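Scroll down for the structure; my scribbles are underneath it.
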Ligand SMILES: O=C[C@H](O)COP(=O)(O)O
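What follows is the structure in structure tokens.
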């Protein structure tokens, strides 16, 4: 059985000196410093993560990637090949903040997924409904539509992250029943579309904290966690990683 994966997403946070202290504290924490844990940092700090994590099993992840696969005249873009070149293992694709603020649509996300796998990265494809979509009973329809982009990389390695938008950074965590229902739905769709051989982890993200990690990560349908705010400090993140370790 593959272990649960815990990825911290620093979002647009960090400064070189503060990162160093945090990363070194993570390396010194035996719950964090092991296979199955990684950090997604802003582009300017990915090399710093690579240097500090060198020789450890901690993974470096990017928060986004260009939809353009080939090098060339795309000012401001960072290609999947570049991320791979500097040692990234994972890349977040389709985070709700990218969908919301940068208008990333299905066509764009399909290209990003393809570019990522072509460069040997593991995409962490994020899906999730807004509060309005949940309250109007459209949760399964919305998530089902979002999952269709994965057809672009059928048969390849990827991770899905279920992040209900209403639970991100709000402290309002989805209930255990809501999480299990969503994860069962996602696992069912992935299996239906990509075959019985699909061995896909579905991470939960949205206000995962030290005090709810045990309950969330003990669900069989939850393959790990995508952690925002709590990955910016070592104590809470360590506790979340410990909850994942307990399930091994
Ligand atoms: O990528 C992480 C998610 O957006 C969750 O963020 P959060 O843990 O701060 O709610």
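Numbering (our numbering), first residue to last: 1 to 248. Even for Gly, the Cβ is constructed at its ideal location relative to N, Cα and C. Please read all numbers here as calculations on a predicted model, not as lab measurements.
CA nearest to the CA of residue i, picked from the options
i           : options            : result
residue 48  : 117, 239, 69, 14   : 14
residue 32  : 57, 150, 10        : 57
residue 199 : 159, 214, 131      : 159
residue 17  : 247, 44, 34        : 44
residue 20  : 244, 232, 243      : 232
residue 86  : 206, 156, 60       : 60
residue 89  : 96, 46, 100        : 46
residue 221 : 177, 54, 98        : 177
residue 63  : 106, 123, 140      : 123
residue 9   : 92, 146, 35        : 92
residue 185 : 132, 113, 28, 145  : 145
residue 125 : 166, 217, 116      : 116
residue 217 : 246, 191, 136, 95  : 246
residue 157 : 140, 141, 194, 179 : 194
residue 203 : 82, 192, 226, 214  : 226
residue 181 : 111, 103, 143      : 143
residue 35  : 41, 95, 54         : 54
residue 155 : 113, 133, 136      : 113
residue 84  : 25, 121, 98, 164   : 121
residue 174 : 29, 213, 141       : 213
residue 41  : 28, 25, 12, 27     : 12
Proximity test, residue i beta-carbon vs ligand 3 heavy atom, cut-off 6 Å
i           : result
residue 242 : Within the structure as shown, ligand 3 is missing, the only ligands being ligand 1.
Per DSSP, cross-strand counterpart(s) of residue i
i         : result
residue 8 : 39, 227
Coil, strand or helix - residue i by DSSP
i           : result
residue 240 : helix
residue 124 : strand
residue 101 : helix
residue 92  : strand
residue 60  : strand
residue 19  : helix
residue 32  : coil
residue 14  : coil
residue 50  : helix
residue 45  : helix
residue 110 : helix
residue 85  : helix
residue 222 : coil
residue 73  : coil
residue 119 : coil
residue 248 : coil
residue 78  : coil
residue 2   : coil
residue 65  : coil
Proximal residues to residue i (C-beta, below 6 Å), its chain only, five neighbours per side dropped
i           : result
residue 52  : 23
residue 166 : 131
residue 171 : 207
residue 244 : 4, 6, 217
residue 110 : 149, 152
residue 95  : 126
residue 205 : 161, 163, 226
Same chain only: Cβ atoms within 8 Å of residue i, ignoring 5 sequence neighbours per side
i           : result
residue 108 : 67
residue 215 : 176
residue 79  : 65, 66, 68, 69, 70, 71, 115, 119
Close beta carbons around residue i, own chain, < 7 Å, minus the five adjacent residues each side
i           : result
residue 209 : 230, 236
Please give the ranges of any beta strand (DSSP E) in the region 133–213, keeping only runs that are unbroken, at least 3 residues long and fully inside the region. 159–162, 201–205
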